[in-house]
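Heads up: the structure comes next, in structure tokens.
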Ligand code: CIR
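Residue numbers (our numbering): 54 to 306.
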């Protein structure tokens with residue numbers, strides 16, 4: 054179970070954020086309202102939410118998940134794979150210090166975005182992607198092992214981050230889309246197959262036995278409810294325009 058979340062407000066400069074989506078430019082005012090509702094949803098799941106102010110120097114900084122991996126035994130500041138995002142970690146670390154006594158760091162030349170890391174109990178899956186290279190993954194694995202946890206890697210073919218395509222919903226249940234549905238490394242999970250038409254909802258978010266699902270993806274929402282979870286629909290359309298999803302918008306621990 055999680056007790057805390059950290060979020061970072063979207064900045065006006067989010068319109069210059071990195072994206073491969075062709076969904077148009079995000080509307081900052083609407084993004085702020087959606088971010089308010091996202092915070093409320095986390096609070097409904099019982100989390101105490103720390104809100105960092107927006108930083109106009111970093112257009113993608115609202116996607117705070119990529120900057121840090123928080124585990125029960127330590128926090129690990131990442132080294133984001135996009136050059137424009139490298140320094141986002143600095144302010145996040147100042148906030149993390151209020152919660153974690155042990156903070157580790159990924160160092161150059163390795164790169165890793167924590168959107169590529171999925172926690173399943175004490176085992177972590179690390180996606181090798183355009184943002185996360187083998188050196189970054191290797192460093193992360195050895196940090197985790199030093200703190201009594203384990204890790205393995207999965208090479209990505211099509212998606213930006215590992216958790217763009219899969220989400221762990223606890224109880225051995227994995228939500229999976231596209232290239233992950235029949236992946237040999239994941240076959241021991243009870244897989245909920247996300248239809249191609251709703252692939253964006255593969256990034257849904259388990260928080261204390263409730264699951265946040267992006268608004269408008271009703272087939273996936275129903276599949277998750279069939280597994281016995283209460284779902285909360287959260288509209289993140291303005292973040293989708295920047296390739297971001299529900300998990301990207303917070304650190305949870
Ligand atoms: C980026 O390309 O870095 C941002 N526009 C989106 C990051 C999404 N983060 C995530 O999936 N964890």
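Each residue gets a CB set at the ideal place from its N, CA and C atoms; glycine is no exception.
(message) Closer than 7 Å to a non-hydrogen atom of ligand 3 - does that hold for the CB of residue 217?
(response) Ligand 3 is absent from the structure shown, which contains only ligand 1.
(message) I'd like to know if the segment 96–108 and the segment 153–173 are in contact, where contact means that at least 3 CB-CB pairs between them fall below 8 Å.
(response) Judged by Cβ distances under 8 Å, the segment 96–108 makes no contact with the segment 153–173, as fewer than three pairs qualify.
(message) Quick check for students: name the residue ranges of the beta strand (DSSP E) that lie wholly in the segment 136–199, counting only runs of 3 or more.
(response) Taking only runs of at least 3 residues, the beta strand (DSSP E) segments lying wholly in the segment 136–199 are 156–158, 170–173, 176–181.
(request) Count the C-beta pairs between the segment 163–173 and the segment 204–216 that are closer than 8 Å, then say yes if the count reaches three, no if not. (result) The answer is yes - the segment 204–216 touches the segment 163–173, with three or more Cβ pairs under 8 Å.
(request) Please list, in chain order, all residues of the same chain as residue 158 whose beta carbon is under 6 Å from its beta carbon, the five residues on each side excluded. (result) Excluding sequence neighbours, residue 158 sits near 130.
(request) Could you check the C-alpha separation between residue 197 and residue 125 for me, to the nearest Å? (result) One Cα belongs to residue 197, the other to residue 125, and the distance between them is close to 11 Å.
(message) Just checking residue 116 against ligand 1 - is the residue's beta carbon closer than 7 Å to any of the ligand's heavy atoms?
(response) Indeed, a heavy atom of ligand 1 lies less than 7 Å from the Cβ.
(request) Grab the span of the beta strand (DSSP E) containing residue 273 for me, first residue to last. (result) Counting along the chain, residue 273 falls outside any beta strand (DSSP E), though it belongs to the alpha helix (DSSP H) covering 271–279.
(message) My output table needs one value for residue 129: the three-state DSSP class, helix, strand or coil.
(response) Three-state result, residue 129: strand.
(request) Would you grab the beta carbon distance between residue 229 and residue 239 for me? Rounded to a whole angstrom, and I think it's under 8 Å. (result) Residue 229 to residue 239, Cβ: 7 Å. Contact.
(request) Report yes if the C-beta distance between residue 99 and residue 294 is below 8 Å; otherwise report no. (result) At the C-beta level, residue 99 and residue 294 stay beyond 8 Å of one another.
(request) Please find out if some non-hydrogen atom of ligand 1 comes closer than 7 Å to the beta-carbon of residue 135. (result) Checking every heavy atom of ligand 1 against the Cβ of residue 135, one is found closer than 7 Å.
(request) Please classify residue 114: is it buried, with 16 or more other beta-carbons within 10 angstroms of its beta-carbon, or exposed? (result) When all chains shown are included, residue 114 counts as buried.
(message) For residue 266, tell me which candidate among 70, 242, 233, 222 has the shortest Cα-Cα distance.
(response) Ranking the options by Cα distance to residue 266, first place goes to 222.
(request) Measuring alpha carbon to alpha carbon, tell me which of 55, 59, 74 ends up nearest residue 291. (result) With distances taken between Cα atoms, residue 291 lies closest to 74.
(request) Would you mind sorting residue 164 into buried or exposed? The rule is 16 or more other CB atoms within 10 Å of its CB. (result) Classification for residue 164: buried.
(message) Give me, in chain order, the residues of the same chain whose beta-carbon lies closer than 6 Å to that of residue 54; leave out the 5 immediate sequence neighbours on both sides.
(response) Residues of the same chain with a CB within less than 6 Å of the CB of residue 54, apart from the 5 flanking positions on each side, are 261 in chain order.
(message) Going by C-alpha to C-alpha distance, which of 219, 180, 176 sits closest to residue 199?
(response) Comparing Cα positions, the closest option is 176.
(message) Please give me, in chain order, every unbroken run of the beta strand (DSSP E) with length at least 3 that falls completely inside the segment 76–105.
(response) The qualifying runs are 101–105.
(request) Just the C-alpha distance for residue 264 and residue 89, rounded to the nearest angstrom, thanks. (result) The alpha-carbon atoms of residue 264 and residue 89 are separated by roughly 18 Å.
(request) Can you have a look at residue 93 and say buried or exposed, based on whether 16 or more other CB atoms are within 10 angstroms of its CB? (result) It is exposed - the Cβ of residue 93 has fewer than 16 other Cβ atoms within 10 Å.
(request) Assign residue 49 to one of two classes, buried (16 or more other C-beta atoms within 10 Å of its C-beta) or exposed (fewer than that). (result) Outside the modelled stretch of the chain, which goes from 54 to 306, sits residue 49, for which no answer is possible.
(request) Alpha carbon to alpha carbon, how far is residue 272 from residue 297? Give it in angstroms, no decimals. (result) Residue 297 and residue 272: Cα-Cα distance of roughly 20 Å.
(message) For residue 234 and residue 189, I'd like the C-alpha separation in whole angstroms.
(response) Separation of residue 234 and residue 189 (C-alpha to C-alpha, rounded to the nearest whole angstrom) is 25 Å.
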